[in-house]
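Asker:
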Amino acid sequence: MNPNLSRLHPYPFEKLTKLKANVVPPAHLSPIALGIGEPKHPSPEFVKRVIADNLDRLANYPTTKGMDELRAAIAVWATRRFQLAPHSLTTEAHIVPVNGTREGIFSLVQAVIDASKPAIVVSPNPFYQIYEGAALLAGATPHYLACDGDNGFIPNFDDVPAAVWEDCQILFLCSPGNPSGAVIPRATLLRVIELADQYDFVVASDECYSELYPDEANPPEGLLQACAAIGRDDYARCIVFHSLSKRSNLPGLRSGFVAGDAGILKEYLRFRTYHGSAMPVQHQLASIAAWQDEDHVRENRAAYREKFNAVVPILRAVMTVDFPDAGFYLWAHTGAMDDETFARELSAQKNVHVLPGRYLSRTVDGYNPGENRIRMALVAPRDECIEAAHRIVEFVKQ
Ligand SMILES: Cc1ncc(COP(=O)(O)O)c(C=O)c1O
Numbered sequence: 015m016n017p018n019l020s021r022l023h024p025y026p027f028e029k030l031t032k033l034k035a036n037v038v039p040p041a042h043l044s045p046i047a048l049g050i051g052e053p054k055h056p057s058p059e060f061v062k063r064v065i066a067d068n069l070d071r072l073a074n075y076p077t078t079k080g081m082d083e084l085r086a087a088i089a090v091w092a093t094r095r096f097q098l099a100p101h102s103l104t105t106e107a108h109i110v111p112v113n114g115t116r117e118g119i120f121s122l123v124q125a126v127i128d129a130s131k132p133a134i135v136v137s138p139n140p141f142y143q144i145y146e147g148a149a150l151l152a153g154a155t156p157h158y159l160a161c162d163g164d165n166g167f168i169p170n171f172d173d174v175p176a177a178v179w180e181d182c183q184i185l186f187l188c189s190p191g192n193p194s195g196a197v198i199p200r201a202t203l204l205r206v207i208e209l210a211d212q213y214d215f216v217v218a219s220d221e222c223y224s225e226l227y228p229d230e231a232n233p234p235e236g237l238l239q240a241c242a243a244i245g246r247d248d249y250a251r252c253i254v255f256h257s258l259s260k261r262s263n264l265p266g267l268r269s270g271f272v273a274g275d276a277g278i279l280k281e282y283l284r285f286r287t288y289h290g291s292a293m294p295v296q297h298q299l300a301s302i303a304a305w306q307d308e309d310h311v312r313e314n315r316a317a318y319r320e321k322f323n324a325v326v327p328i329l330r331a332v333m334t335v336d337f338p339d340a341g342f343y344l345w346a347h348t349g350a351m352d353d354e355t356f357a358r359e360l361s362a363q364k365n366v367h368v369l370p371g372r373y374l375s376r377t378v379d380g381y382n383p384g385e386n387r388i389r390m391a392l393v394a395p396r397d398e399c400i401e402a403a404h405r406i407v408e409f410v411k412q
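For the sequence shown, the tail end lands on 412 under my numbering, and the numbers increase by one without skipping.
(1) Cβ of residue 25 versus every heavy atom of ligand 1: is any distance shorter than 7 Å?
(2) Under a three-way DSSP split, which group does residue 126 fall into?
(3) Secondary structure at residue 327, three-state DSSP: helix, strand or coil?
(4) Spatial neighbours of residue 385 within its chain, please: CB distance less than 7 Å, with the 5 preceding and 5 following residues excluded, ordered by chain position.
(5) If distances are taken between C-alpha atoms only, which option among 46, 103 and 181 comes closest to residue 248?
(6) Measure the alpha-carbon distance for residue 359 versus residue 25 and round it to whole angstroms.
(7) Am I right that residue 363 and residue 40 are in contact with their C-beta atoms under 8 Å? What's the rounded C-beta distance?
(8) Would residue 88 be called buried (16 or more neighbouring beta carbons within 10 Å of its own) or exposed?
(9) By how many angstroms is the C-alpha of residue 43 removed from the C-alpha of residue 159?
(10) Locate the beta strand (DSSP E) running through residue 257, then write down its first and last residues.
(11) Considering only the beta carbon of each residue, do residue 342 and residue 311 sit closer than 8 Å?
(12) Given the structure, does residue 168 come close to ligand 1, in the sense that its CB is under 7 Å from one of the ligand's heavy atoms?
(13) Could you pull the start and end residues of the alpha helix (DSSP H) that residue 241 belongs to?
(14) Does the Cβ of residue 189 lie closer than 7 Å to at least one heavy atom of ligand 1?
(15) Can you give me the C-alpha to C-alpha distance between residue 266 and residue 221, rounded to a whole angstrom?
(16) Buried or exposed, going by whether 16 or more other CB atoms sit within 10 Å of the CB of residue 290?
(17) Just the C-alpha distance for residue 453 and residue 259, rounded to the nearest angstrom, thanks.
(18) Just list the residues that DSSP pairs residue 393 with in beta bridges.
(19) So, residue 141 versus residue 184, is the Cβ gap smaller than 8 Å?
(20) Enumerate, from N- to C-terminal direction, the unbroken beta strand (DSSP E) stretches of 3 or more residues contained entirely within the region 153-216.
(21) Determine the burial state of residue 306: buried for a count of at least 16 other Cβ atoms within 10 Å of its Cβ, exposed for fewer.
(22) Going by the C-beta, is residue 142 closer than 7 Å to any heavy atom of ligand 1?
(23) What is the DSSP secondary structure of residue 64, counted as helix, strand or coil?
(24) Taking only runs of the beta strand (DSSP E) that begin and end inside the region 295-368, which ones reach a length of at least 3 residues, in chain order?
(25) How about residue 358: is its Cβ closer than 7 Å to a heavy atom in ligand 1?
(26) Taking 8 Å as the cut-off, decide whether the C-beta atoms of residue 55 and residue 403 are in contact.
(27) Using the C-alpha atoms, what's the distance from residue 332 back to residue 274?
(28) What whole-angstrom Cβ distance do residue 284 and residue 240 have, given they're in contact under 8 Å?
(29) Tell me the DSSP secondary structure of residue 405 in three-state form.
(30) Hey, residue 219 and residue 253 are a contact pair by Cβ (cut 8 Å); roughly how many whole angstroms apart?
(31) Smallest Cα separation from residue 127: which of 339, 330, 395 and 278?
(32) Can you find the residues in the same chain that come closer than 8 Å, C-beta to C-beta, to residue 147, ignoring five residues on each side of it along the sequence?
(33) Determine the DSSP secondary structure at residue 7, reduced to helix, strand or coil.
(34) Report the option in 153, 347, 264 and 64 whose CA atom is closest to the CA atom of residue 16.
(35) Hey, could you find the ends of the beta strand (DSSP E) residue 285 is sitting in?
(36) Are residue 272 and residue 49 close, meaning C-beta to C-beta below 8 Å?
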C-alpha cells in the first residue's frame, strides 16, 4: 500500500465519535447537532426540478471539462461577484468544474506537487483537514500557521521563515475561514501574491463560504478580486475554489469549480482526465441554474443572519463568542473547561453536539490554537439553534 496513507490523521468526526463512545445523552432532550458543517436549509426547488427533468441525461458520459454552458455561467457569476476584468476569466482556459471543492482541493494538490524535490504545503491552523491529507498523500510536508485570537485568525505571513517559503509549493488560504469565519483583507491577499511571485508557489484560496455573509453591502473579497484590483488579469499563481454546497444548500449535488491561472488549470485538467471525476450532466444543468440565481442565496444569508443575531447574545451570557465575518460557524472560547471535556459533557448533559476545536488543528511547538475552543455550525433550524444556546447557557452555569 501507499506508505503515505499511514501519515493521514483520523478525521475530526472519527475523533468525536470516539470521544462520545460512552456518552448516553438524556433521552428527554431532543438531539441538536451543531458539530457537522452540513447545510440544512432546503435545497432550491428550481434546482431539484432541473435534475428531475433531465434524468435521461444519465445515458451520456459527461466530459471532464464540463459543458461550455456551465463554465460560461460560472464565468459570468465570478466576474460579476468579484469585479474581474471583463473576459479575463475565460470559459476556455480559466475554469474547471469539480464535484465539490473537497474533491477539487484534493486533486489539485496531487496535480501541482512535485515530490521529486522538497515540497511544503503551508496551511492555516486550524484548517479543513483535506489540505493536510492532500499534502501528505502527494508526498509533501504540511507547515501550519497558527490562527488565533491574537492575530485575528489570519496568520502574519511575514513571520514565516524564508526557508519555508523556499520549499513551499502550495499555500492554502481559507477565506472566509473554517472555523473562525475570518475574512482575509485585500492588503494581506496582495502581500501573499508578492510572496508567491518571490518564491514561486501556488496560492490556493478556499472560498467555499464566500456567499454567506452578514452585510449585503459588504461581501467578502476573494483572491481573484485582489488580482483584478492590481490588474493581474492572468491570475498568475492564483487558484480559487468555490462551491454550491453552502451558497445554495446543495451539498449533495457535489458541485463546485476551480478557477484562476490558466497554465496550472491546463495541467490540472490533464490530471483530471485520468482522475475520472467528471460531473454528471444533469448536475451540471442544475448547477447552471443555481449559479444564475441570487435570490435563493440572499434568502439563505437572511436565514443565517437571523440565527446569528438570535444565538450570539444568548451565548454571550456565559462565554466569549464573536459574530464571524462570514460563514456559518461560531468559534467560541470554552473558558476554564477544555474543549474536549466541554463537548463531551455538553452531549452527556444537554444532548447538544459541538466539535472540540483541537480536532481541527495541530499542536506545533507545544501550542494548539484550537484548544479551548468549540466549533458550532448554525445549520439547524433557528428554533433549534436558540434552544441549543439556552441549553449551553444552563450547562455552563451548572
Ligand atoms: C473549508 C472547507 N472547504 C471545503 C469544503 C468542501 O465543501 P464541498 O466539497 O461541499 O464543496 C468544506 C466543507 O465542509 C469546508 O469547510
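We put the beta carbon where it would ideally sit given N, CA and C, even for glycine.
Answerer: Put simply:
(1) no
(2) helix
(3) helix
(4) 352, 353, 371 and 372
(5) 103
(6) 21 Å
(7) 7 Å
(8) buried
(9) 39 Å
(10) 252-257
(11) no
(12) no
(13) 237-243
(14) no
(15) 18 Å
(16) exposed
(17) What the structure shows of the chain is the stretch from 15 to 412, and residue 453 is not part of that stretch, so it cannot be assessed.
(18) Answer is none; residue 393 lacks a bridge partner.
(19) no
(20) 155-160 and 182-188
(21) exposed
(22) yes
(23) helix
(24) 343-347
(25) no
(26) no
(27) 44 Å
(28) Their Cβ separation, rounded to whole angstroms, is 27 Å, which puts residue 284 and residue 240 out of contact at 8 Å.
(29) helix
(30) 7 Å
(31) 278
(32) 22, 23 and 120
(33) A query on residue 7 cannot be resolved here, the shown segment of the chain reaching from 15 to 412 and no further.
(34) 153
(35) Run containing residue 285: none in the beta strand (DSSP E); it sits in the alpha helix (DSSP H), 276-289.
(36) no
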